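Trainee: Below are the structure tokens for one structure; questions will follow.
As structure tokens, then:
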């Protein structure tokens, strides 16, 4: 009987820790589900039509990150993958463009790499995006920012390996290479093939 009580307490505390971790802003536990165009906020949809020029090939998603619900439209334009995130009211929050390492100025990438080496000597950059934070919902201003490459930040997903354990972080760097924010990313099941 004593073992059952101890076992119950262990599971209860483990569940409580997991629940706290899910609510913490330092964790990214994101889930995306594809949705129909009619379920996407109409105001954002019209803005995306204007800036994307790719009306037929836009894919719509509902995204849940803990208790936060947002919507995302993804499309490809001129060889780049775009992701437009908006809130439930249809206000565009940010636009992210997937890029490669070589598209970051070498001196800036060296600063970023030095910061990553400070976290762990073994790491693999899995994803790099330019982030355009949207304050004004004007389609013309947004289009001009995209065309002029007037972005705000770099967002990286990086896998780190330390003491035979693999973990991921989402890191937000300014365009000068200054670390602004980071949070842990939920572990994926294929970690063993990365290193």
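Numbering (the numbering used here), first residue to last: -5 to 189.
Beta carbons are placed, not taken as given, at the ideal position from N, Cα and C, and that holds for glycine.
No experiment lies behind these values; they were computed from the predicted model shown.
1) Looking only at its chain, what residues have a beta carbon closer than 8 angstroms to the beta carbon of residue 82, apart from the 5 residues adjacent to it on each side?
2) If you draw a straight line from the C-alpha of residue 197 to the C-alpha of residue 121, how long is it?
3) Threshold first: 4 residues or longer. Then list the alpha helix (DSSP H) segments lying entirely within the region 13 to 84, N to C.
4) Taking C-alpha atoms, which residue in 78, 162, 46 and 110 lies nearest to residue 124?
5) Roughly how many whole angstroms lie between the Cα atoms of residue 160 and residue 105?
6) In chain order, which continuous runs of the beta strand (DSSP E) of length 3 or greater are located wholly inside the region 85 to 112?
7) On the DSSP bridge list, what partners appear for residue 170?
8) What is the rounded straight-line gap between the Cα of residue 172 and the Cα of residue 114?
9) According to DSSP, what are the bridge partners of residue 163?
Mentor: If we stick to the structure as given:
1) If you ignore the 5 residues before and after residue 82, its C-beta comes within less than 8 angstroms of the C-beta of 35, 63, 64 and 65, all in its own chain and listed in chain order.
2) Past the edges of the chain, shown from -5 to 189, lies residue 197, and the structure says nothing about it.
3) Counting whole runs of 4 or more residues, the region 13 to 84 contains the alpha helix (DSSP H) stretches 36 to 46.
4) Closest option to residue 124, Cα to Cα, is 78.
5) Straight-line Cα distance between these residues: approximately 23 angstroms.
6) Those beta strand (DSSP E) runs which fall completely within the region 85 to 112 and span 3+ residues are 86 to 93.
7) DSSP, once it has assigned bridges, lists no residue as partnering residue 170.
8) Computed Cα separation, rounded: 17 angstroms.
9) Within the DSSP bridge table, the entry for residue 163 names 152 and 178 as partners.
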